[in-house]
Amino acid sequence: MTEPNSATPAPPAFAVRAAKRAAWAVVGEKILEALVYLCGFSAIVFVLGIFLFVFKEAFPILANDNFSLTQFLFSPEWYPTSEVNKRYGVFAMIAGTCSVTVLAMVIAVPFGLGAAIYISEFCGHKTREILKIVIEFLAAVPSVVWGFIGLTVMSRLIVQYTGAPVGVNMLNGGIILALMCVPIIVSISEDALKAVPDSYREAAIALGVTRWQLVWRVLLPAAKNGLLAAVLLGVGRGVGETMAVLMATGHAVHIPNSVFDSVRTLTANIASELGEAPAGSDHYRVLFLIGVLLFTLTFAVNLIADTIVRGIRRK
Numbered sequence: 000m001t002e003p004n005s006a007t008p009a010p011p012a013f014a015v016r017a018a019k020r021a022a023w024a025v026v027g028e029k030i031l032e033a034l035v036y037l038c039g040f041s042a043i044v045f046v047l048g049i050f051l052f053v054f055k056e057a058f059p060i061l062a063n064d065n066f067s068l069t070q071f072l073f074s075p076e077w078y079p080t081s082e083v084n085k086r087y088g089v090f091a092m093i094a095g096t097c098s099v100t101v102l103a104m105v106i107a108v109p110f111g112l113g114a115a116i117y118i119s120e121f122c123g124h125k126t127r128e129i130l131k132i133v134i135e136f137l138a139a140v141p142s143v144v145w146g147f148i149g150l151t152v153m154s155r156l157i158v159q160y161t162g163a164p165v166g167v168n169m170l171n172g173g174i175i176l177a178l179m180c181v182p183i184i185v186s187i188s189e190d191a192l193k194a195v196p197d198s199y200r201e202a203a204i205a206l207g208v209t210r211w212q213l214v215w216r217v218l219l220p221a222a223k224n225g226l227l228a229a230v231l232l233g234v235g236r237g238v239g240e241t242m243a244v245l246m247a248t249g250h251a252v253h254i255p256n257s258v259f260d261s262v263r264t265l266t267a268n269i270a271s272e273l274g275e276a277p278a279g280s281d282h283y284r285v286l287f288l289i290g291v292l293l294f295t296l297t298f299a300v301n302l303i304a305d306t307i308v309r310g311i312r313r314k
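Using my numbering, the first residue of the sequence shown is number 0, and each one after it goes up by one.
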């Protein structure tokens with residue numbers, strides 16, 4: 000009588016291949032997960048690195064006993080090359096930045112949200128594709144081209160139709176900046192409206208609402224977080240824009256009293272003077288301090304936006 004064979008039979012070849020594929024899939028997933036974490040942390044590291052570099056260049060002026068941070072923030076007098084009494088006040092430029100950005104948002108937000116609602120809910124497929132191409136084209140126009148349009152075309156129209164003595168002013172900069180912010184607001188707002196579940200639309204239509212009631216009562220409340228993000232990205236674009244406002248606002252250090260006054264923004268001031276400031280001088284350090292101020296303003300806008308979004312989500 001023969002003894003039974005106690006050896007384990009070899010697994011089939013397809014099972015071996017499946018096990019190898021599963022093992023490689025696990026390894027690939029781990030690698031992709033590590034790359035995603037690396038990309039996320041690298042963005043934080045890059046932002047911190049830029050801020051630390053700018054702050055390092057600006058720190059010597061803060062440590063200077065002759066420099067007053069209060070005068071820097073609240074004085075409208077900007078005379079960095081004076082031989083007798085150098086003054087580094089950026090209050091007029093803060094006012095110019097805020098006024099141009101607010102005016103641009105007053106123009107861009109209604110048009111941007113209206114265009115996003117029309118593209119998302121009202122227009123046909125062919126019209127939607129044409130409008131998307133036009134919006135993408137507007138987003139692709141370089142900022143220096145927008146500034147040239149403001150300097151040569153928009154300034155003449157403002158003088159002709161408003162009677163303003165100078166065409167390069169806050170109104171010119173606000174219109175040009177609004178045209179630059181509209182594509183961002185439209186694209187993100189449309190994505191936010193498209194992200195609203197179709198069940199919301201179906202339920203509202205079943206109740207007999209009109210299309211405008213559907214938009215006003217259902218879609219806008221449901222997409223408010225995305226719409227707020229679109230507006231705030233537009234604000235960030237407005238605060239950070241340089242060449243267009245440099246060419247279209249008149250570049251005058253002046254607290255505006257009307258939309259026809261020329262102004263100077265913080266970014267335009269850095270762009271126009273950094274190349275001429277001697278490296279290591281007080282003027283050079285103050286320009287980097289203006290960069291720190293811009294970082295602070297942007298951080299404040301993002302913090303306020305995050306607070307508002309969190310409050311909306313709780314409700």
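Each residue gets a CB set at the ideal place from its N, CA and C atoms; glycine is no exception.
Note down, in chain order, each residue of its chain lying with its Cβ closer than 7 Å to the Cβ of residue i, except the 5 sequence neighbours on either side.
| i | result |
| --- | --- |
| V234 | T100, M104, V300 |
| I187 | G225, A228, A229, L232 |
| L150 | V167, M246, A247 |
| S98 | M169, P255, V262 |
| Y283 | A276, P277 |
Provide the residue span of the alpha helix (DSSP H) that contains residue i, from first to last.
| i | result |
| --- | --- |
| E128 | 124 to 139 |
| I116 | 90 to 116 |
| S119 | Element bounds for S119: n/a, residue is neither H nor E. |
| V158 | 154 to 161 |
| F73 | 68 to 73 |
Given residue i, which residues of its chain have a CB within under 8 Å of its CB, disregarding the five upstream and five downstream residues?
| i | result |
| --- | --- |
| A203 | Q212, L213, R216, V217 |
| K131 | I118 |
| D190 | G225 |
To which residues does DSSP link residue i through a beta bridge?
| i | result |
| --- | --- |
| V238 | DSSP lists no partner for V238. |
| W145 | Partner(s): none; W145 has no beta bridge. |
| Y78 | R86 |
| V262 | G249 |
With DSSP run on the structure shown, which of helix, strand or coil describes residue i?
| i | result |
| --- | --- |
| V83 | coil |
| D300 | Before going on, a small fix: residue 300 reads as Val here, not Asp. Residue state, collapsed to three classes: helix. |
| T1 | At T1, the pLDDT of 49 sits below 50, so the modelled position is not reliable; the number obtained from the coordinates is stated separately. Three-state DSSP puts T1 in coil, outside helix and strand. |
| G249 | strand |
| V195 | coil |
| V285 | helix |
| V185 | helix |
| G26 | It should be noted that the sequence gives Val, not Gly, for residue 26. Here V26 sits in helix by DSSP. |
| I254 | coil |
| D190 | helix |
| A222 | coil |
| L206 | coil |
| L213 | helix |
| A57 | helix |
| E275 | coil |
| A14 | helix |
| G166 | coil |
| A62 | coil |
| S280 | coil |
| K19 | helix |
What residues in its chain sit with their C-beta under 6 Å from that of residue i, if we drop five residues either side in the sequence?
| i | result |
| --- | --- |
| R127 | I118 |
| L293 | L265 |
| G290 | V53 |
| A302 | First, the amino acid is wrong: residue 302 is Leu here, not Ala. Counting only Cβ-Cβ distances below 6 Å, and skipping sequence neighbours, we find nothing. |
| P75 | G88, F90, A91, I254 |
| W77 | G88, V252 |
On the premise that residue j lies in contact with residue i, defined as a C-beta separation below 8 Å, what is that separation, rounded to the nearest angstrom?
| i | j | result |
| --- | --- | --- |
| A247 | R263 | Their Cβ separation, rounded to whole angstroms, is 12 Å, which puts A247 and R263 out of contact at 8 Å. |
| I184 | L102 | About 15 Å separates the two Cβ atoms, so there is no contact after all. |
| V89 | L265 | 7 Å |
| F259 | V181 | Actually they do not touch by this definition, with Cβ atoms about 23 Å apart. |
| S257 | G249 | About 13 Å separates the two Cβ atoms, so there is no contact after all. |
| K85 | D281 | 7 Å |
| A222 | A194 | 7 Å |
| V244 | G162 | With 8 Å as the limit, V244 and G162 do not qualify as a contact, their Cβ atoms being about 23 Å apart. |
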